[in-house]
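Counted from 1, the sequence shown has number 230 at position 229 by the numbering used here; the numbering is strictly sequential.
Where is the CB? At the ideal position from N, CA and C, for every residue including glycine.
As the structure is a computational prediction, the values presented were derived from the model and not from experiment.
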Amino acid sequence: MSGPEIDTLEGDGYAETSQYAAHLDRGWSMLDRGDHSAARRSAQHAQKLRPEAPDPAVLLAAVSLAEGEAEESVRWYERAQELDPEYLEPFAAAAHVMLFDLQDPERALSYCDQALSLASADPLERIDLELLAAECKLLSERVGEARTQLSAIDGLDTIEAALLADGDAADGALSRLLGAQDDALDDEELQDVVHKAMQLALRLARLWLDLREPDGALAWLSRLTTRYPNDADAWYLLSEAETVAGNGHAAACAALQSLQLDLSWELPEWVPEPTALHKEILEFLRHSDHAEIKRTVHTARTFVVVVHDTPAVELVLEGLDPRVPALVLVSRATPDGAPEPTGLAVYRRNIARMCDGQPRFARELGECIETEFSTFAEGVAQHESELAAARASLADPGAKKTRKTRTRKRPATDA
């Protein structure tokens with residue numbers, strides 16, 4: 002995580018600067034390892050050395066977010082903004098937290114506007130903020146404004162060249178994205194900017210999908226998966242885009258490719274073993290106050306819990322989301338009744354990919370299970386509504402007949 006330049010001082014000032022920088026570096030390192038307490042202590046040491054500097058507050062904001070304290074995280078970002086109103090990071094990061102963690106698109110959009118007004122934003126950062134502003138408007142149901150903003154983003158041609166062009170054209174585009182047109186990029190800078198450009202391209206594709214315009218997403222994703230065939234996220238989004246476009250076979254093939262690539266990364270050590278996770282899930286179900294869990298699990302004659310890393314290939318080929326974290330298993334529906342829940346499948350790899358440590362994994366596990374039971378309940382209610390309509394139609398021969406189609410749900414997950 003970068004911040005304002007640290008002043009170079011002589012004598013005691015130089016020693017203080019070295020200590021300050023060391024505390025910050027160690028803090029970010031500890032945060033990356035999931036040691037939140039150590040990261041917080043390092044940030045506090047840096048804060049004591051330089052109470053007027055914004056960087057310790059930015060680190061404390063990141064620690065708070067990792068601990069699930071989104072409101073506290075925003076307060077620290079606001080403190081950093083007060084300490085340095087020209088520092089871009091606290092504004093951009095606060096916008097992300099407000100939108101994705103607190104679901105407050107209007108406040109997030111306000112932070113975006115403030116960040117875009119800063120002269121320090123480089124081309125990559127400006128595109129990120131423009132995409133974030135479009136996401137805010139979409140979540141606020143200002144669909145037309147979101148579409149207009151997305152279509153007007155400046156610099157997407159540079160992203161395209163950086164990711165898809167060859168030779169000098171790609172190198173020149175990468176340099177422009179860094180705001181360093183006349184400077185050669187070293188290997189580390191090159192890898193970093195390609196990664197950032199890739200993430201922006203995937204967010205752009207996701208936005209076109211959220212706008213129900215799959216052609217805009219496919220225009221990017223079909224080329225990205227060709228150029229970067231080992232990028233699981235690109236294949237995953239491609240499967241969604243093909244689904245929305247009505248291309249079922251292509252969607253299944255892309256989903257299968259995403260599944261195979263997801264299986265290639267090594268699980269972190271903090272992910273519970275299947276046996277331990279199975280016990281943890283049973284305890285959660287027994288003590289849950291979630292209405293649908295209590296109604297389903299506590300009254301079921303038999304309810305089976307299974308733990309796998311990912312869904313089975315055959316389920317993915319049938320249309321199941323390859324990254325679904327949990328799935329309520331049901332019996333076949335009878336002609337005059339709803340399907341009966343028989344079990345729960347939990348996919349630990351799909352939960353782990355959303356987490357940065359064991360505490361976050363435990364929180365996500367519970368949230369994923371509750372969300373899946375709520376989704377199941379909604380499906381049952383819809384099924385019962387369709388049955389009631391069908392019975393009414395049979396009772397009234399003159400009622401308009403509708404053709405019933407068979408669908409399989411694809412649970413929503415993060416991209």
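The beta-carbon separation of ASP263 and THR311, rounded to 6 Å, stays under the 8 Å limit for a contact. The three-state reading of DSSP puts TYR78 in helix, counting H, G and I together.
Counting C-beta pairs closer than 8 Å gives three or more between the stretch 156-168 and the stretch 223-236, which meets the contact rule. Taking C-beta atoms under 8 Å as the contact rule, ARG228 and LEU178 fail to qualify, at a distance of about 17 Å. MET99 places its beta carbon less than 8 Å from that of VAL75. In this structure, DSSP gives LEU328 an extended state, which the three-state scheme calls strand.
In the structure shown, the three-state DSSP call for HIS309 is strand. Around GLU73, the same chain offers SER65 as residues with beta carbons nearer than 7 Å, after the five sequence neighbours per side are excluded. For VAL347, no alpha helix (DSSP H) encloses it; the enclosing beta strand (DSSP E) starts and ends at 342-348. Between the beta-carbon of ALA313 and that of ILE370 there is about 19 Å, and that puts the pair past the 8 Å contact cut. Per the C-alpha coordinates, the member of LEU175, ALA292, ASP169 and GLY28 positioned closest to GLY156 is LEU175. Excluding its 5 nearest sequence neighbours in each direction, SER121 has C-beta neighbours in its own chain below 7 Å: GLU87 and LEU89, listed in chain order.
Per DSSP, the continuous alpha helix (DSSP H) segment holding ARG224 begins and ends at 215-228.
Here ILE282 has VAL306, VAL308, LEU345, VAL347, LEU366 and ILE370 as same chain residues with Cβ atoms under 8 Å from its own Cβ, once five neighbours each way along the sequence are excluded. At the C-beta level, VAL245 and LEU210 come within 8 Å of one another. Here VAL329 is not near GLU284, since their CB atoms are 8 Å or more apart. Burial is judged here by how many other beta carbons sit within 10 angstroms of a residue's own beta carbon; HIS250 has fewer than 16 and is exposed. Around the C-beta of VAL298, 16 or more other C-beta atoms lie within 10 Å, and the residue is accordingly described as buried. In the DSSP assignment, MET199 falls within the unbroken alpha helix (DSSP H) covering 188-211.
Taking the C-beta atoms as reference points, LEU103 is found nearer than 8 Å to ALA71.
Here TRP236 has THR226, ALA255, GLN258 and SER259 as same chain residues with Cβ atoms under 6 Å from its own Cβ, once five neighbours each way along the sequence are excluded.
If you draw a straight line from the Cα of GLU142 to the Cα of ALA277, it comes to about 42 Å. Collapsing the DSSP output to three states places TRP266 in coil. In the three-state reduction of the DSSP assignment, CYS254 falls in the helix class. Short of 8 Å from the beta carbon of LYS295, and not among the five residues preceding or following it, lie these beta carbons of its own chain, in chain order: SER289. In the structure shown, ILE154 adopts coil according to DSSP, grouped into three states. ARG333 sits exposed, since fewer than 16 C-beta atoms from the chains shown fall within 10 Å of its C-beta. Bounds of the alpha helix (DSSP H) holding LEU318 are 314-318. With 16 or more other Cβ atoms from the protein chains shown falling within 10 Å of its own Cβ, ASN351 counts as buried.
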